[in-house]
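What follows is a set of notes on a single structure, which appears directly below.
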């Protein structure tokens with residue numbers, strides 16, 4: 208029985224023992240913030256005092272890149288830092304904070320520039336940020352993809368939240384609706400994280416889809432080779448699909464993986480807050496787990512995991528808890544009535560391959 | 181002799197941003213020029229190789245310096261862009277290690293001459309204020325082929341980062 212998701216609940220569900228904490232010297236992880244969101248060091252310290260019992264952890268961020276604003280902390284920033292440092296426990300953590308120091312700057316772009324300007328940056332980055340794909344130009348997205356490729360060839364893992372609007376909905380002319388993918392979640396060069404809930408919200412049970420979990424198919428980027436087989440199996444095997452006019456079945460499909468995204472406890476402005484939800488919670492949790500795996504790889508003299516997807520899809524779901532129940536939301540219209548895609552055995556566009564079973568995932572990714 | 185960078189011309193102002201007037205010609209804007217990179221296809225191939233566990237290149241990552249050697253814009257691109265900026269008196273610029281982005285500070289009146297068609301206005305949302313142009317920009321024909329886009333002209337930040345949906349959204353109860 209529990210009263211919401213805390214580090215102890217996550218570590219129990221994903222089979223992390225007290226010994227599963229970082230120890231490699233050169234390991235590091237990062238979260239990035241782009242809006243007027245700031246974490247407060249005192250919140251992190253209080254969070255770890257309240258919820259960090261039972262595992263070795265750090266209570267201080269190692270490096271803040273960018274200028275933290277004054278004033279109140281943001282829930283988003285508190286959430287990211289508190290949870291990446293709970294699953295990726297005892298691992299050096301950086302915070303990139305880019306509110307935009309000039310009114311004409313684009314904070315997301317500023318962050319991309321920083322990555323191209325620092326020789327030694329953390330191995331895992333988790334980012335809870337996205338925009339409607341249809342609001343961005345192809346030239347811009349292509350170039351951002353090139354920036355993700357630049358990070359990938361350096362061995363850096365980029366994890367993006369899949370979004371909190373399910374398949375999304377775009378209202379076209381003449382009353383026609385289509386699903387609305389989100390970018391960078393839809394980029395073929397990042398790993399996208401969806402969300403789940405406990406079957407029984409007050410017990411550590413198996414997981415079902417969180418109906419807000421973002422997912423679907425890109426209208427801009429073609430399906431990359433690494434996922435063709437998995438996605439086609441889903442499209443052929445699933446019992447029911449939304450009408451084909453709502454999505455581009457040949458596009459990059461996302462998310463790739465998932466983690467719990469519902470009912471978190473966060474400390475913000477020194478106040479413990481319950482019921483915090485969204486894929487911005489699941490993303491740092493999965494990022495921290497990848498950092499733990501990097502840690503073990505480094506101790507064995509292996510390189511970092513880098514861009515995970517080609518390897519992840521070869522695992523075929525091995526080492527992950529498959530999520531097979533529930534659907535996410537979409538357009539509220541007569542045709543789909545708010546229902547988007549549904550989870551199914553193996554990969555699906557709501558929870559990807561599923562959620563991490565740490566010991567099994569560690570074993571698979573150390574091979 | 182200006183060419184529109186047509187692929188980067190989404191000029192929609194999101195409904196939640198309120199127009200707060202034209203920006204003074206002497207106010208400064210910082211624009212980000214995304215210079216065309218070289219060897220992007222090779223970069224894609226390398227990413228595939230270093231990320232595929234079945235490849236003998238798996239895990240053989242590049243340093244930032246090696247990435248720079250691969251994607252750095254050609255000398256022609258860099259010269260064309262710098263010449264263009266200098267000809268407008270824009271000299272307060274800095275680049276990144278990979279040399280594929282250039283950020284320059286300039287007065288609004290210079291930015292509008294540099295990017296014909298652009299017109300910088302201030303927009304606000306809550307206590308946040310931004311400078312953007314709601315009209316499409318062009319660049320000189322000689323430089324359009326050397327640029328992917330110019331940042332800081334059109335794109336508004338999304339309404340919120342994904343997440344932040346703590347609630348109340350679902351009234352679940354045990355049993």
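Residue numbers (our numbering), protein chains in the order written: chain A, 208 to 574; chain B, 181 to 355.
Think of the CB as a built atom: it goes at the ideal place given N, C-alpha and C, for glycine as much as any other residue.
Bear in mind the structure is a predicted one, so any value in this text is a computation, not a measurement.
- prompt: Rounded C-beta distance between residue 339(A) and residue 487(A)? I'm assuming under 8 Å.
  reply: Cβ-Cβ separation between residue 339(A) and residue 487(A): approximately 17 Å, too far for a contact (criterion under 8 Å).
message: Contact between the segment 324-342 of chain A and the segment 380-399 of chain A is defined here as three or more beta-carbon pairs at a separation below 8 Å; is this criterion met?
response: Verdict: yes, contact present.
- request: Taking all protein chains shown into account, decide if residue 224(A) is buried (16 or more other Cβ within 10 angstroms of its Cβ) or exposed.
  value: When all chains shown are included, residue 224(A) counts as exposed.
- prompt: At a CB-CB cut-off below 8 Å, which residues of chain A make contact with residue 189(B)?
  reply: Here the neighbours are 344.
task: Establish whether the CB of residue 352(B) and some CB of chain A are separated by less than 8 Å.
output: In this prediction, residue 352(B) scores a pLDDT of 37, lower than 50, which makes its location untrustworthy; the coordinate-derived value is nonetheless stated afterwards. So, interface residue.
- prompt: Taking C-beta to C-beta, are residue 272(A) and residue 242(A) nearer than 8 Å?
  reply: Contact: no.
message: Looking at the strands, I want to know which residues DSSP matches up with residue 384(A).
response: Answer is 378(A).
query: In this structure, what does DSSP give as the bridge partners for residue 260(A)?
result: Note: residue 260(A) sits in no beta bridge, so no partner.
message: I'd like to know whether the C-beta atoms of residue 254(A) and residue 284(A) end up nearer to each other than 8 Å.
response: Residue 284(A) is positioned such that its CB atom lies no closer than 8 Å to that of residue 254(A).
At least three beta-carbon pairs within less than 8 Å, the segment 231-240 of chain B to the segment 293-313 of chain B: The segment 231-240 of chain B is not in contact with the segment 293-313 of chain B.
Residue 284(A) in three-state terms, based on DSSP: Of the three classes helix, strand and coil, the one that applies to residue 284(A) here is helix, per DSSP.
task: Compare the beta carbon distance of residue 465(A) and residue 403(A) with 8 Å and say whether it is the shorter of the two.
output: In contact: residue 465(A) and residue 403(A) (Cβ atoms closer than 8 Å).
field: Any chain D beta carbon closer than 8 Å to residue 513(A)
entry: Here the protein chains are A and B, and chain D is not one of them.
query: Is the beta carbon of residue 217(B) less than 8 Å from the beta carbon of residue 353(A)?
result: Cβ atoms of residue 217(B) and residue 353(A): closer than 8 Å.
message: On a Cα-Cα basis, can you pick out the residue from 563(A), 558(A) and 519(A) that is closest to residue 234(B)?
response: Checked all of 563(A), 558(A) and 519(A); the closest Cα to residue 234(B) is 519(A).
- prompt: Where residue 257(A) and residue 230(A) are concerned, what is the direct C-alpha to C-alpha distance, given to the nearest angstrom?
  reply: Whole-angstrom Cα-Cα distance: 23 Å.
query: With 16 as the cutoff for other CB atoms within 10 Å, does residue 361(A) come out buried or exposed?
result: Buried: at least 16 other Cβ atoms inside 10 Å.
query: CA-CA distance, residue 473(A) and residue 280(A)?
result: Here the alpha carbon of residue 473(A) sits roughly 12 Å from the alpha carbon of residue 280(A).
- prompt: Can we say the segment 485-502 of chain A touches the segment 450-457 of chain A, given the rule of at least three CB pairs closer than 8 Å?
  reply: The segment 485-502 of chain A, when compared against the segment 450-457 of chain A, does not touch it at the 8 Å Cβ threshold.
message: Whether or not the segment 243-257 of chain B and the segment 213-230 of chain B are in contact is what I'm after, with contact meaning three or more pairs of Cβ atoms, one per stretch, closer than 8 Å; do they touch?
response: Note that the segment 213-230 of chain B touches the segment 243-257 of chain B; at least 3 beta-carbon pairs, one per stretch, sit closer than 8 Å.
- prompt: What residue from 300(A), 298(A), 336(A) and 523(A) has the CA that sits closest to residue 313(A)'s CA?
  reply: Checked all of 300(A), 298(A), 336(A) and 523(A); the closest Cα to residue 313(A) is 336(A).
message: Any beta carbon from chain A within less than 8 Å of residue 196(B)'s own beta carbon?
response: For residue 196(B), the answer is no, since every Cβ of chain A falls outside 8 Å of its Cβ.
query: From this set, 408(A), 214(A) and 543(A), which residue's C-alpha is nearest residue 496(A)'s C-alpha?
result: For the residues 408(A), 214(A) and 543(A), the minimum Cα distance to residue 496(A) belongs to 214(A).
4-residue-minimum alpha helix (DSSP H) runs that sit fully inside the segment 452-521 of chain A, ordered along the chain: Qualifying alpha helix (DSSP H) stretches, in chain order: 486-506.
- request: Look up residue 440(A) in the DSSP assignment and say whether it is helix, strand or coil.
  value: Residue state, collapsed to three classes: helix.
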